[in-house]
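Residue numbers (our numbering), protein chains in the order written: chain H, 1 to 111; chain W, 1001 to 1114. See structure below.
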C-alpha cells in the first residue's frame, strides 16, 4: 500500500482563500518535505521537517506555512492564496540523506 | 548554491532505440545521485541511486546510469526503449551524509514513438 499519501488530490480555490494540503507517511521516516512542481522549474523545495514540531525553510517559502504535527503528518498552509501558487504540490519522506519517497501529488488551482 | 542541469528538455526516440539522458551537477565533493521517473498524473518514483563505489549503477526496468567525477555527470542510459518508458525523468543530487536537501534538475520529457 502507498506509504506517502496526500489529500486532497485536486483543489480549486479563489484568490485570498485559505488552503491546507495534507500529507501522511507510514515509512517511519524522520524527514518530510513539501515541493512545488512547475513547468520549466522542476521541483522546488518549499519547507521541510526532521520531526514533529520542527520546521525548516526551503528555497521558495514565501506565502507558505507548514506544520509537522506528528512523525506521520505534515501540512502545508496557504493562508492568502494567490494565482502564482497554482501548481502541482508533492510531499515526500526520507530517512535522512538517502532517497526520498514521494506522494501522488495535489493539483492546486487558485482562480 | 548547488545546481543540477538537464540540458535536454525534450527527447524523442523510436521504440527499440538506445537512450541517453544527460545530467550534470555542480558540487566539489561527490554527492549522492538519483534518477527519478514521473509517469503522467503520478508522483516521482526512484529509478536508481548512486552513493559510492562502482560508477555504473543498475536500476529498474533496464535503466542504468554512470557517474563521472571528472565530468560531474550522472547520465542515464537504456539499451532499448519501450513505448511505456515515455515519461518525465528527473536527476537529483544530495550533498551526502548530514545534508537532507535534494536539488532537482528541471526534468527531461521522453517520448518513445512506437
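Note that CB positions come from ideal geometry on N, CA and C, so glycine has one too.
Of the listed residues the options, nearest to residue i (C-alpha basis)
i, options, result
"residue 1074(W)", "1017(W), 1058(W), 1086(W), 1011(W)", "1058(W)"
"residue 1077(W)", "1094(W), 1083(W), 1056(W), 1070(W)", "1056(W)"
"residue 1067(W)", "1101(W), 1053(W), 1080(W), 1103(W)", "1053(W)"
"residue 1046(W)", "1064(W), 1004(W), 1070(W), 1012(W)", "1064(W)"
"residue 40(H)", "1039(W), 1033(W), 1005(W)", "1005(W)"
"residue 1033(W)", "111(H), 104(H), 97(H), 110(H)", "97(H)"
"residue 1011(W)", "1043(W), 1029(W), 1081(W), 1072(W)", "1081(W)"
"residue 99(H)", "1026(W), 1013(W), 1069(W), 1031(W)", "1031(W)"
Beta bridge counterpart(s) of residue i as assigned by DSSP
i, result
"residue 1095(W)", "Partner(s): none; residue 1095(W) has no beta bridge."
"residue 70(H)", "Paired residues: none, contrary to the question."
Beta-carbon proximity list for residue i, same chain, < 8 Å, skipping 5 on both sides
i, result
"residue 1009(W)", "1106, 1107, 1108, 1109"
"residue 101(H)", "3, 4, 25, 27, 29, 92, 93, 94"
"residue 1007(W)", "1022, 1024"
Any C-beta of chain H under 8 Å from that of residue i
i, result
"residue 1094(W)", "yes"
"residue 1101(W)", "yes"
"residue 1090(W)", "yes"
"residue 1043(W)", "yes"
"residue 1104(W)", "yes"
"residue 1046(W)", "yes"
"residue 1049(W)", "yes"
"residue 1032(W)", "yes"
"residue 1107(W)", "yes"
Cβ shell of residue i (< 6 Å), same chain only, five flanking positions each side left out
i, result
"residue 10(H)", "107"
"residue 32(H)", "49, 74, 93"
"residue 1037(W)", "1045, 1047, 1087, 1089"
"residue 1103(W)", "1002, 1004, 1093"
"residue 1072(W)", "1024, 1025"
"residue 43(H)", "35, 37"
C-beta neighbour in chain W for residue i, strict 8 Å
i, result
"residue 66(H)", "no"
"residue 97(H)", "yes"
"residue 100(H)", "yes"
"residue 83(H)", "no"
"residue 8(H)", "no"
Residues of its chain near residue i, where Cβ-Cβ distance is below 7 Å and the 5 sequence neighbours each way are ignored
i, result
"residue 1083(W)", "1015, 1112, 1114"
"residue 87(H)", "36, 37, 38, 108"
"residue 83(H)", "15, 110"
Evaluate contact between the region 55 to 72 of chain H and the region 1009 to 1026 of chain W, counting only Cβ atoms and requiring at least three cross-stretch pairs below 8 Å. Fewer than three pairs of CB atoms, one per stretch, sit closer than 8 Å, so the region 55 to 72 of chain H makes no contact with the region 1009 to 1026 of chain W.
So, does the region 17 to 28 of chain H touch the region 45 to 56 of chain H, judging by three or more C-beta pairs under 8 Å? In short, these stretches do not touch, since the Cβ pair count stays below three.
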